[in-house]
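Contents: one structure, followed by commentary.
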Amino acid sequence: MSGRRPNFVMILTDDHAAHAISAYGSKVNTTPRIDEIARLGRRFDNCFATNSLCSPSRASILTGTYSHVNGVTTLVTPIDAAQPSFVSALREAGYRTAMVGKWHMGDGPGHDPQHFDYWDVVIGQGEYVDPVFLSESGRRVVTGYATDIITDLALEWIASLPSDEPYCALIYHKAPHRPWVPPAGSEENFTDPIPLPPTFDDDYATRTSSARRAAMRIAEHLTHEDLKSPPPAGLSYDKEALWKYQRFMEDYLRCVASVDDNVGRVTDFLRARGDFDDTMLMYASDQGFFLGDHGWFDKRFMYEESLRMPLVLSYPRRVGPGVVDEMVTNVDWAQTILEAAGVPAHPRMQGRSFWPLLVDSAYIAAEGVYYRYWEHDDVFHKAPAHYGYRTARYKLIYFYNDGLGLPGTGWGTYPPEWELYDLAADPSETRNVYEDPAYAAVRHDLTVAMWNEQARLGDKPHPSQPRPVTS
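Count the sequence shown with my numbering and you get residues 278 to 748, in order.
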């Protein structure tokens with residue numbers, strides 16, 4: 278066994294759905310370089326976001342805490358960048374650290390990246406072409422395509438290090454985030470008809486009004502900026518929806534293809550440097566994404582396509598190939614990385630290291646995972662605040678319809694609503710069984726379990742939720 282401490286390279290994308298990765302069985306594209314990591318290491322089939330939104334997910338990954346602890350609950354609640362993180366712990370233990378690409382947790386004093394030897398990030402969402410970067414030296418425009426530039430900067434930094442220094446490099450891409458601007462020269466890719474997801478025509482018949490209000494429909498809410506050109510004249514509503522789906526997916530998948538190419542560049546670089554076997558190389562996205570599933574794009578909801586995060590990792594020196602079925606969350610990553618490095622985790626961290634799963638040691642799987650989406654507005658996406666609890670078979674969701682919104686937005690008066698899904702009988706989540714008497718006992722047990730998990734994590738149930746009867 279090598280005596281080297283592992284390096285860590287985390288490639289994180291924005292809004293890359295697991296079902297647009299061929300290692301996860303994608304029906305719409307292939308991703309050979311991401312698949313290579315999965316083949317050589319582990320593919321996680323049940324990794325979940327605890328708040329399916331870009332900034333909160335990134336904060337949870339970094340700090341190993343839930344949104345109510347790290348303070349990043351919405352897109353407009355910036356991070357206190359001084360708080361403990363797996364990066365600060367690694368740096369204190371002698372690691373060199375870098376952050377390159379999409380930070381997206383606020384900028385300015387107190388919010389810019391901290392605990393990094395080198396950081397170079399895009400501003401906010403960033404641009405696909407000729408992006409503006411911010412570093413300790415100030416702002417500058419870098420000519421080129423963002424996905425390539427971010428990879429270039431990260432690899433240049435690693436190449437500058439002595440070969441015997443352990444490092445942690447976060448390579449965070451903007452792609453494939455809206456408005457999906459692919460690189461030049463990819464216009465001929467994905468021009469064949471792209472298969473529709475089975476739930477594209479979901480009629481939301483049993484969903485609550487809380488879910489039906491969402492302004493995320495392919496047919497109605499994609500903009501001219503998203504589509505790049507107007508739909509052909511004279512199309513029916515249904516035909517126009519199909520046209521919009523194809524147009525959106527072409528650019529989305531072209532952006533993903535560029536990401537896949539750059540993942541390969543990182544892998545090839547690590548091999549050429551002699552670091553690949555001793556590096557925990559992770560590829561993931563900050564949450565899932567609807568790709569026409571249920572007729573939607575975007576994320577936010579606790580439904581599977583949004584909740585599920587792709588996560589594949591390799592570390593040939595210590596981790597054999599395989600598939601991880603146990604449920605893990607983005608809050609767990611920080612402690613896992615630290616345990617792999619032999620560095621103590623900060624006691625504030627709330628996750629559960631899944632390092633034992635990677636080295637085939639004893640591991641007690643979580644019975645369920647807790648989710649809370651805090652952002653709440655009635656103007657843009659109209660996805661209401663909600664929380665819930667997911668087990669291997671069931672999912673309980675409570676839309677409490679109240680809470681933190683974007684500045685200047687309001688929200689109508691809507692009552693709290695519940696949904697319950699049996700994932701074994703209904704994996705596509707098209708039948709809400711909350712009111713079905715046959716699920717009364719399940720409903721009760723899940724409510725109690727969710728309440729207990731909130732208490733364990735220090736999160737407070739919304740005042741509208743009655744305390745469940747436990748005896």
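C-beta atoms are modelled at their ideal positions from N, C-alpha and C, and glycine is treated no differently.
Cα-Cα separation, residue i to residue j
i: LEU430; j: GLY378; result: 9 angstroms
i: MET278; j: ALA366; result: Low per-residue confidence applies at MET278: pLDDT is 46, beneath 50, and the placement is therefore not dependable enough to give any value.
i: SER506; j: LYS521; result: 10 angstroms
i: ASP602; j: GLY565; result: 17 angstroms
i: GLN742; j: GLY302; result: 39 angstroms
i: TYR677; j: HIS663; result: 6 angstroms
i: TYR372; j: LEU568; result: 38 angstroms
i: GLY735; j: GLY280; result: 40 angstroms
i: ALA732; j: VAL725; result: 11 angstroms
i: GLU433; j: HIS653; result: 41 angstroms
i: VAL287; j: VAL746; result: One detail in the question is off: residue 287 reads as Met in this sequence, not Val. Their backbone Cα atoms lie some 44 angstroms apart in a straight line.
i: ARG524; j: MET557; result: 36 angstroms
i: PRO680; j: TYR648; result: As written in the sequence, residue 680 is Gly, which differs from the Pro given in the question. If you take the alpha carbons of GLY680 and TYR648, they lie about 15 angstroms apart.
i: ALA461; j: ILE435; result: 27 angstroms
i: ALA295; j: ASP322; result: 9 angstroms
i: THR606; j: HIS739; result: 22 angstroms
i: VAL620; j: THR340; result: 15 angstroms
i: ARG577; j: ASP478; result: 20 angstroms
i: LEU590; j: TYR691; result: 43 angstroms
i: PRO456; j: GLU527; result: 12 angstroms
i: SER705; j: ASP570; result: 9 angstroms
i: VAL419; j: TYR675; result: 45 angstroms
i: GLU465; j: PHE285; result: 36 angstroms
i: GLN612; j: LYS516; result: 48 angstroms
i: TYR650; j: ASP722; result: 22 angstroms
i: MET579; j: ASP441; result: 43 angstroms
Selected residue, minimal CA-CA separation from residue i, among the options
i: ARG542; options: ILE314, TYR666, TYR301; result: ILE314
i: VAL533; options: HIS739, SER299, GLY280, HIS658; result: SER299
i: ASP713; options: GLU696, GLU652, ASP503; result: GLU696
i: PRO283; options: TRP573, ILE495, ASP654, LEU547; result: LEU547
i: THR370; options: PRO443, ASP384, ALA701, LEU568; result: Checking the sequence, you will find Ala at residue 370 rather than Thr. Measuring from the Cα of ALA370, the nearest candidate turns out to be PRO443.
i: ARG489; options: GLU644, GLY551, GLY572; result: GLY572
i: ASP575; options: TYR666, SER440, TYR529; result: TYR529
i: VAL458; options: ASP570, GLY403, VAL419; result: GLY403
i: VAL353; options: PRO309, HIS381, GLU497, TRP396; result: HIS381
i: ARG670; options: ARG577, ALA643, TRP651, PHE676; result: ALA643
i: ASP312; options: PRO456, THR544, TYR716, VAL406; result: THR544
i: PRO661; options: ALA294, PRO361, ALA491; result: ALA491
i: SER463; options: ASP538, PRO624, GLY628, ILE674; result: ASP538
i: PHE363; options: ALA622, HIS388, ASP570; result: ALA622
i: MET493; options: HIS658, ILE674, THR374; result: HIS658
i: PRO470; options: VAL719, LEU499, ASN306, THR668; result: ASN306
i: ARG629; options: PRO333, ILE338, ASP291, LEU330; result: ILE338
i: GLU401; options: PRO361, ALA446, TYR395, ARG335; result: Note on residue identity: the sequence assigns Gly, not Glu, to residue 401. Residue ARG335 is the option with its Cα nearest to GLY401.
Where the beta strand (DSSP E) through residue i begins and ends
i: ARG319; result: 319-321
i: VAL600; result: 599-601
i: ASP397; result: 395-399
i: MET559; result: 556-562
i: ALA446; result: 444-449
i: ALA375; result: 373-379
i: ARG416; result: 415-418
i: ASP699; result: 694-699
i: HIS663; result: 663-667
i: ILE284; result: Note that residue 284 is Asn in the sequence shown here, rather than Ile. It spans 284-290 - the beta strand (DSSP E) in which ASN284 sits, taken as one unbroken run.
CB-CB length for residue i against residue j, believed under 8 angstroms
i: ARG585; j: PHE393; result: Going by Cβ atoms, the distance from ARG585 to PHE393 rounds to 29 angstroms, so no, they are not a contact pair.
i: VAL596; j: ARG319; result: 6 angstroms
i: ALA510; j: ILE495; result: That belief does not hold up - the Cβ atoms of ALA510 and ILE495 are roughly 19 angstroms apart, past 8 angstroms.
i: VAL399; j: MET376; result: Incorrect: roughly 11 angstroms between the Cβ atoms, too far for contact.
i: GLY387; j: ALA358; result: 6 angstroms
i: ASP276; j: HIS454; result: Nothing can be reported for residue 276: it is not among the residues displayed for the chain, which extend from 278 to 748.
Where the alpha helix (DSSP H) containing residue i begins and where it ends
i: TYR529; result: 514-550
i: ALA431; result: 423-436
i: THR340; result: 331-340
i: VAL756; result: A question about residue 756 goes unanswered here, because the residues of the chain that appear run from 278 up to 748.
i: LEU615; result: 610-618
i: ILE495; result: 495-498
i: SER344; result: 344-347
i: TRP632; result: 632-635
i: MET727; result: 717-734
i: LEU411; result: Unbroken run through LEU411 is the beta strand (DSSP E), 409-412; no alpha helix (DSSP H).
i: LEU584; result: 581-584
i: GLU502; result: 501-504
i: ARG594; result: First-last for ARG594: undefined, no H or E at that position.
i: ARG489; result: 486-489
> Does the stretch 406-415 come close enough to the stretch 334-353 to have 3 or more Cβ pairs within less than 8 angstroms?
Replying inline: no
>> Does the stretch 704-724 come into contact with the stretch 627-636, if we say contact requires no fewer than three beta-carbon pairs (one atom in each stretch) closer than 8 angstroms?
In response: no
>> I want to know whether the stretch 471-488 touches the stretch 321-340 - three or more CB-CB distances under 8 angstroms.
In response: no
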